[in-house]
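Undergrad: Attaching a single structure in structure tokens format; questions to follow.
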Amino acid sequence: MISKQYVIIGGVAGGMSAATRLRRLDEHAQITVLERGGHVSFANCGLPYYLGGVIEERSSLLLQTPRSLADRFGLDVRVRTEAVAIDRAARTVTARDLTSGQEQVLRYDALVLSPGSTPVRPPMEGGERMLTLWNIDDVDAAMSALEAKPRTALVIGAGFIGLEMVENLMHRGLDVTLVELADQVLPPIDPEMAGPVAQHLIDAGVDVRLGTKVVELGDDTAVLDDGSVIPAEFVLGSVGVRPETSLAVAAGLELGARGGIRVDERLQTSDPNIWAIGDAVEKTDAITGEPRIVALAGLANRHGRLAADAIAGREVRVRDALGTAVVGVMGLTVATTGWNEKLLRARGRDLRVIHTHPASHTGYYPGAEPMSLKLIVDAETDAILGAQGVGGDGVDKRIDVIATAMTAGLTAADLADLELAYAPQYSSAKDPVNMLGYVALNAADGLTPSIQWHEVDAAVAAGAIVLDVRTPGEVADGAIPGSVRIPLDELRDRLDELPGGRLIVHCKVGQRGHTAVRLLAQHGRDAVNLDGGYLTWKAGNDAPGRVLEAAA
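Residue numbers (the numbering used here): 215 to 766.
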């Protein structure tokens, strides 16, 4: 029997998943993995935590070696070896040993491209001093720079990885400045959710600079575009990545609209003998059906396995991508799935938006932590378009449940009927996900109409009155200017004190507001509930990026 020859370009998550799956499916195949870096299998998501000293041993990041992969899977893994050319007609790859410079031509029956992505380096004077954190060589360079014992650090970019860098540099005891070009941290989430995250960083001692950029790096300082000069002995950049497609382009493979390698539902490229996976590949967005670049380790692992199955002739189904992600920020958890409100409104989508502020578990059991959840729903179909969570324990669990519901095609109202595990130390009898479903049901039925935090000013300008039904003690901690204040428990007896016209009702988080709206509606009043209550309104109005595109 003539054995098949498979060549995989690129290791780590996608490439190694494809290689090991191919071996499990075909014991007799010759499988060669080419990796131009020095390590073929490492925990790249753990790099910031090794930098911060949370992961103490560098060896903990190295999951497999060429030797271990040869022993267990019979793989021919070649590190410091770059694929420099693909001859599609001859079905060969030219591989160059980066140490010796020698080249070898490898034949393939099937080729898998997993070249990954490369960090974006924004142009600036002195920018060569900026470090990135993308592979083992990067983290080694960063650790070497830390041996000089810098006291100040600059992180450029406030995305998920940038915030991980901030947290870990703070853990090392450095004074950290965070600079972000957007007017909020974590641009993938909405401003009222991101605002408390920025405040949490500030409270922890981070110098947060939003809506600005670095234009020059000096020897131990940085100059911002507003003219300010900040200390920056140690500089890390995390401003995004771009798909590494140079080899694919040279081979004449088709790219998609977003600049990534175009693949079909079986992860095949425009060449039927070449598959592509990982960060360099365009995925199909689960919300819009459009091409999208999604650089996530989970998808790379999953698609590596699916590509191997497709090569072996098995039936595969590549699901559309939601972009589910989570990050820890100085004890705070931030998670998201699907699209955010600002992008959906910019596209003209008709939305229902739900904010809640539940506890991680029952309040009577010690240790309950607050969280804020946001659900974004198609107003016509009740389809879940996205969700975001910020808080302590349990945020990741809730976003994972919602992401699973989205994958299964459940509607927002269906969340009310999910049977979720309950014990006082883990949840409430009405889990926060169930509560989102209850609110969605009320909204879909028209039982409790609502208004969003960013719509209040326009409504007041049109003549609406804000009715605050919190207690006097709560009002003393802050209130919406110009509001009328009648505690919920006194509302029935004081209806005649209410001015005419539309009422925007609110409490702290929205639950008492819902009760008040139901009461007022049955007394013939036009009343809407301020979604998420005063907490959401304050978070949105305090956030630097508070104006949504549709409300601008």
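All C-beta atoms in this analysis are idealised placements derived from N, C-alpha and C, irrespective of residue type, glycine included.
Please go through the region 294 to 353 and give each complete beta strand (DSSP E) segment of 3 or more residues, from N-terminal end onward.
TA: Counting whole runs of 3 or more residues, the region 294 to 353 contains the beta strand (DSSP E) stretches 295 to 301, 306 to 311, 317 to 321, 324 to 327 and 331 to 333.
Undergrad: Assuming residue 507 contacts residue 559 (C-beta within less than 8 Å), just tell me the rounded distance between them.
TA: With 8 Å as the limit, residue 507 and residue 559 do not qualify as a contact, their Cβ atoms being about 22 Å apart.
Undergrad: Counting only beta-carbon atoms, is residue 504 nearer than 8 Å to chain C?
TA: This model lacks chain C altogether, as it is built from one protein chain only.
Undergrad: What does DSSP give as the partner residue(s) for residue 523 in the beta ladder?
TA: In the DSSP secondary-structure assignment, residue 523 is not bridged to any residue.
Undergrad: Give the DSSP-derived three-state secondary structure of residue 487 in the structure shown.
TA: coil
Undergrad: Would residue 696 and residue 231 be called neighbours here (beta carbons separated by less than 8 Å)?
TA: no
Undergrad: Please state the DSSP three-state secondary structure of residue 644.
TA: coil
Undergrad: Would you mind listing the beta strand (DSSP E) stretches within the region 572 to 609 that are 3+ residues and don't spill past its ends, in chain order?
TA: 585 to 592 and 598 to 605
Undergrad: To the nearest angstrom, how far is the alpha carbon of residue 610 from that of residue 415?
TA: 20 Å
Undergrad: Terminal residues of the continuous alpha helix (DSSP H) containing residue 747?
TA: 747 to 756
Undergrad: Does DSSP classify residue 196 as helix, strand or coil?
TA: Examination of residue 196 is not possible in this model, given that the chain is present from 215 through 766 alone.
Undergrad: Tell me the start and end of each unbroken alpha helix (DSSP H) in the region 675 to 757 that is at least 4 residues and wholly inside, in chain order.
TA: 686 to 689, 725 to 735 and 747 to 756
Undergrad: Roughly how many whole angstroms lie between the Cα atoms of residue 516 and residue 678?
TA: 51 Å
Undergrad: Quick check: what's the CA-CA separation for residue 485 versus residue 319?
TA: 19 Å
Undergrad: Could you pull out every residue in the same chain whose Cβ sits closer than 8 Å to the Cβ of residue 316, ignoring the five residues on either side in sequence?
TA: Taken in chain order, the residues that qualify are 310.
Undergrad: Residue range of the alpha helix (DSSP H) that residue 234 falls in?
TA: Per DSSP, the unbroken alpha helix (DSSP H) holding residue 234 starts and ends at 226 to 239.
Undergrad: Use the C-beta contact count for residue 736: other C-beta atoms within 10 angstroms, 16 or more gives buried, fewer gives exposed.
TA: exposed
Undergrad: Report the partner residues of residue 389 according to the DSSP bridge assignment.
TA: 366
Undergrad: According to DSSP, residue 377 sits in a beta bridge with which residue or residues?
TA: None; residue 377 has no bridge partner.
Undergrad: Report the three-state DSSP secondary structure of residue 275 (helix, strand or coil).
TA: helix
Undergrad: Which of helix, strand or coil does DSSP assign to residue 413?
TA: helix
Undergrad: To which residues does DSSP link residue 497 through a beta bridge?
TA: 506
Undergrad: Got a sec, what are the start and stop residues for the beta strand (DSSP E) residue 421 sits in?
TA: 421 to 424
Undergrad: Alpha carbons only, please: which of 685, 674 and 419 is nearest the one belonging to residue 742?
TA: 674
Undergrad: I'd like to check one pair, residue 652 with residue 643: are the Cβ atoms closer than 8 Å?
TA: no
Undergrad: Buried or exposed for residue 258, going by 16 or more other Cβ atoms inside 10 Å?
TA: buried
Undergrad: Under the three-state reduction of DSSP, which class applies to residue 288: helix, strand or coil?
TA: Three-state DSSP puts residue 288 in coil, outside helix and strand.
Undergrad: Please return the same chain residues whose Cβ sits closer than 7 Å to the Cβ of residue 520, not counting the five positions on each side in sequence.
TA: 481, 530 and 532
Undergrad: So, for residue 765: in the same chain, excluding its five sequence neighbours on each side, which residues have a beta-carbon less than 6 Å away from its beta-carbon?
TA: Note on residue 765: pLDDT 35, under 50, position unreliable in the model; no value is reported.
Undergrad: Where do the N-terminal and C-terminal ends of the alpha helix (DSSP H) with residue 462 fall, by residue?
TA: 460 to 464
Undergrad: Measuring straight from C-alpha to C-alpha, what distance separates residue 662 and residue 656?
TA: Going by the C-alpha atoms only, they are around 6 Å apart.
Undergrad: Helix, strand or coil: which one does DSSP assign to residue 552?
TA: strand
Undergrad: In the DSSP output, which residue or residues are listed as bridge partners for residue 223?
TA: 248 and 327
Undergrad: Quick one, which of 603, 596 and 583 has its alpha-carbon nearest residue 624's?
TA: 596
Undergrad: Specify whether the region 428 to 446 and the region 396 to 412 touch according to this definition: at least 3 beta carbon pairs, one from each stretch, less than 8 Å apart.
TA: no
Undergrad: Report back the beta-carbon spacing between residue 580 and residue 573 to the nearest angstrom; my notes put them in contact at under 8 Å.
TA: Not a contact, Cβ separation roughly 12 Å.
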